[in-house]
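Structure first, commentary second.
Protein chains: 2
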Amino acid sequence: MTAPAPRWLSEAEQRAWRSYLAANRLLAVELERGHQQHGLSGSDYEVLVRLSESPERRLRMWELAKGTLLEKSRLSHQITRMERAGLVRRESCEGDRRGQFAVLTEHGWDTIEKVAPFHVEQVRAFFIDRLTPEQVQTLTEIFAPMAEDLRKQCPKDDDAIGPE
Amino acid sequence: MTAPAPRWLSEAEQRAWRSYLAANRLLAVELERGHQQHGLSGSDYEVLVRLSESPERRLRMWELAKGTLLEKSRLSHQITRMERAGLVRRESCEGDRRGQFAVLTEHGWDTIEKVAPFHVEQVRAFFIDRLTPEQVQTLTEIFAPMAEDLRKQCPKDDDAIGPE
DNA sequence: ACGAGAAAGTTGAAGCTTCAACAATGGTAT
DNA sequence: ATACCATTGTTGAAGCTTCAACTTTCTCGT
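Order-wise, the sequence lines are chains A and B. Residue numbering for the first sequence follows the working numbering, beginning at -2 and increasing consecutively. Residue numbering for the second sequence follows the working numbering, beginning at -2 and increasing consecutively.
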């Protein structure tokens, strides 16, 4: 019994896969740089976005973890740093004494309001504005279900990255 | 003079952008987990791939840095760790006494040969096999030039991530 | 009511990445 | 030749992420 022959990618598949990987990485670096110009990390920005979109500008830690796809331990450290920077504050949760909320502060709100327009411009410049409406559609058709499937894939037993 | 009104994303654009981000992240986590099962990190794997595809299974540090899109300092630490693990070895370069090669060891070669088939299966399962040939084509059309442009964007003055 | 197990978060240590400073060599114009 | 700047690569410290262990509280079955 020998191992099954690997199903290597075709040339075309390889091109698609590798350009995707490269664009990914480069885009991440570029966006990160954008955030840093405002004194934020990418994770800071993501947390600010999620909180700013939430009712009362606050979320339970585990909701925020799922929203941002950060694992709970990392999020805990992340919030500690952001608290130190005055962007968020923790509030404990009546009704579940294990629970904590992360709450956007005034300063956090001002920050996201100030930074978001720059970020959108970057996303447009490097991504969205390069695409035709058909391509926007195609990307959604590809990546939305892919993300769905990958969420299910996440092991349930550990710090799962569950459904949104 | 006030700031120009932000050009927010449309609903459709937002869906595309956010699914792309989510799929990205989840895919990265999943692939990372795959590598870990063989005792490698994602960066380890990438370095092994690049070296295994190179003449004499070796590359100058800066070539490897561009190939993997890692900055030089990170690569230097990365190679130190991989050297410790017996996957690569450094060789100094005649003709340019500043230079170093990273060279694949036997063990490094064996490792990539063993691991690559699993990795390809993962890439197929979560990405390539989900796509029609037209979609493969579309992705290449989108991401290949995007990556090109982003490379140019990289500041030349610092540890640039230059053209492949 | 009780106990077992699940869920929510935190913590500290180890590992990885980033940043700035550095050493050494190479290239080039004068 | 020499002075000057660019290139190649390394280093250590600081910051971020991951991992496993832990605490506290909740839930559910009996």
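For glycine and all other residues, C-beta sits at the position ideal for the given N, C-alpha and C.
What does B:Ala99 pair with, by DSSP beta-bridge criteria? Start at 1 with the first residue of the second sequence, and residue 99 of chain B comes out as number 102. Beta-bridge pairing links B:Ala99 to B:Leu56 and B:Arg87.
Below 8 angstroms on the Cβ atoms is my contact criterion, and I expect A:Leu136 with B:Tyr17 to pass it. Report the Cβ-Cβ distance as a whole number of Å. One-based indexing of the first sequence puts residue 136 of chain A at position 139. One-based indexing of the second sequence puts residue 17 of chain B at position 20. The pair is a contact, with the Cβ atoms about 6 angstroms apart (cut-off 8 angstroms).
Check the Cβ of A:Tyr42 against every Cβ in chain B and list those closer than 8 angstroms, keeping chain order. The residue labelled residue 42 of chain A in the question sits at position 45 within the first sequence. By Cβ distance, chain B contributes nothing, its closest Cβ being about 12 angstroms from A:Tyr42, past 8 angstroms.
Within 8 angstroms (strictly less), CB to CB, does A:Thr106 reach chain B? Counted from its first residue, the first sequence places residue 106 of chain A at position 109. Rather than Thr, the amino acid found at residue 106 of chain A in this sequence is Trp. Judged by the 8 angstroms Cβ criterion, A:Trp106 is not in contact with chain B.
Under 8 angstroms (Cβ pairs) to chain B, residues found in the stretch 56 to 69 of chain A: Leu66
Kindly confirm or deny that the stretch 54 to 61 of chain A and the stretch 19 to 28 of chain A touch, where touching means at least three C-beta pairs closer than 8 angstroms. no
Start and end of the alpha helix (DSSP H) containing B:Gly31? On the second sequence, position 34 is the one that residue 31 of chain B refers to. Segment Glu8 to Gln33, the alpha helix (DSSP H) holding B:Gly31.
Mind listing the chain B neighbours of A:Arg47? Cutoff is C-beta to C-beta under 7 angstroms, in chain order. Mapped onto the first sequence, residue 47 of chain A falls at position 50. Result: empty, since nearest Cβ-Cβ is about 11 angstroms, beyond 7 angstroms.
Any C-beta of chain A sitting closer than 8 angstroms to the C-beta of B:Leu128? As a position in the second sequence, residue 128 of chain B is number 131, starting the count at 1. By this cut-off, B:Leu128 is an interface position.
If we define contact as Cβ-Cβ less than 8 angstroms, is B:Gln211 a contact residue for chain A? Because chain B spans -2 through 161 in this model, residue 211 of chain B falls outside it and cannot be assessed.
Which chain A residues are close to B:Gln132, counting only those with a beta carbon under 7 angstroms from its beta carbon? On the second sequence, position 135 is the one that residue 132 of chain B refers to. Near B:Gln132 (Cβ distances below 7 angstroms), the residues of chain A are Thr135 and Ile139.
Looking at C-alpha atoms only, which residue of A:Ala141, A:Gly31 and A:Thr(-1) is the closest neighbour of A:Glu118? Taking the first residue of the first sequence as 1, we reach residue 118 of chain A at position 121. Comparing Cα-Cα distances from A:Glu118 to each of A:Ala141, A:Gly31 and A:Thr(-1), the minimum goes to A:Gly31.
C-alpha gap between A:Arg71 and A:Thr77, whole angstroms: Within the first sequence, the letter at position 74 stands for residue 71 of chain A. Within the first sequence, the letter at position 80 stands for residue 77 of chain A. Whole-angstrom Cα-Cα distance: 10 angstroms.
The alpha helix (DSSP H) that contains A:Gly36, what's its start and end? On the first sequence, position 39 is the one that residue 36 of chain A refers to. Taken as a continuous stretch (DSSP letters only), A:Gly36 belongs to no alpha helix (DSSP H), as it is neither H nor E.
Report the three-state DSSP secondary structure of A:Met82 (helix, strand or coil). Taking the first sequence and counting its residues from 1, one reaches residue 82 of chain A at position 85. The displayed chain sequence assigns Ala, not Met, to residue 82 of chain A. Residue state, collapsed to three classes: coil.
What does the Cβ neighbour count give for A:Arg47, buried or exposed, with the cut at 16 atoms within 10 Å? By one-based count along the first sequence, residue 47 of chain A stands at place 50. A:Arg47 should be labelled buried.
Within the continuous alpha helix (DSSP H) that includes A:Phe140, where are the two ends? Translated into the one-based positions of the first sequence, residue 140 of chain A becomes position 143. That run of the alpha helix (DSSP H) goes Pro130 to Gln150.
Nearest to B:Thr108 (by Cα), restricted to the options B:Thr65, B:Leu84 and B:Val26: Sequence index remark: in the second sequence, residue 108 of chain B carries index 111 (1-based). Answer by Cα proximity: B:Leu84.
Between the stretch 73 to 102 of chain A and chain B, which residues of the former have CB atoms less than 8 angstroms from a CB of the latter, in chain order? none
Three-way DSSP call (helix, strand, coil) for B:Gly92 in this model: Here residue 92 of chain B refers to the residue found at position 95 when the second sequence is read from its first residue. Coil at B:Gly92, not helix or strand.
Using a Cβ-based criterion (distance less than 7 angstroms to any ligand heavy atom), does B:Cys90 qualify as near the ligand ATP? Inclusion of the ligand ATP in the displayed structure is not the case, the ligand content being empty and no account of it being possible.
Proximal residues of chain A, C-beta to C-beta of B:Glu10 below 7 angstroms: As a working mapping, residue 10 of chain B is identified with position 13 in the second sequence. Here the neighbours are Ile125 and Val133.
Within 8 angstroms, strictly: CB atoms of B:Trp5 and A:Phe124: Indexing the second sequence from 1 puts residue 5 of chain B at position 8. Indexing the first sequence from 1 puts residue 124 of chain A at position 127. No; because the gap between Cβ atoms is not below 8 angstroms, this pair is not in contact.
Interface residues of chain A around B:Arg4 at Cβ under 8 angstroms? As a working note, residue 4 of chain B is residue 7 in the second sequence. Within chain A, the residues near B:Arg4 are Val117, Glu118 and Arg121.
Distance, Cα to Cα, A:Leu66 vs A:Lys149? Counting from 1 along the first sequence, the entry for residue 66 of chain A is found at position 69. Counting from 1 along the first sequence, the entry for residue 149 of chain A is found at position 152. Computed Cα separation, rounded: 13 angstroms.
Closer than 8 angstroms, Cβ to Cβ, to anything on chain B: give me those residues from the stretch 9 to 28 of chain A, in chain order. Ala9, Glu10, Arg12, Ala13, Trp14, Ser16, Tyr17, Ala19, Ala20, Asn21, Arg22, Leu23, Leu24, Val26 and Glu27
Could you check if B:His104 is buried or exposed, using at least 16 other CB atoms within 10 Å of its CB as the buried criterion? Along the second sequence, one-based indexing puts residue 104 of chain B at 107. Exposed: under 16 other Cβ atoms inside 10 Å.
Rounded to whole angstroms, what's the CA-CA distance from A:Ser40 to B:Gln132? Just pull it up for me. Within the first sequence, numbered from 1, the residue matching residue 40 of chain A stands at position 43. Within the second sequence, numbered from 1, the residue matching residue 132 of chain B stands at position 135. Their backbone Cα atoms lie some 31 angstroms apart in a straight line.
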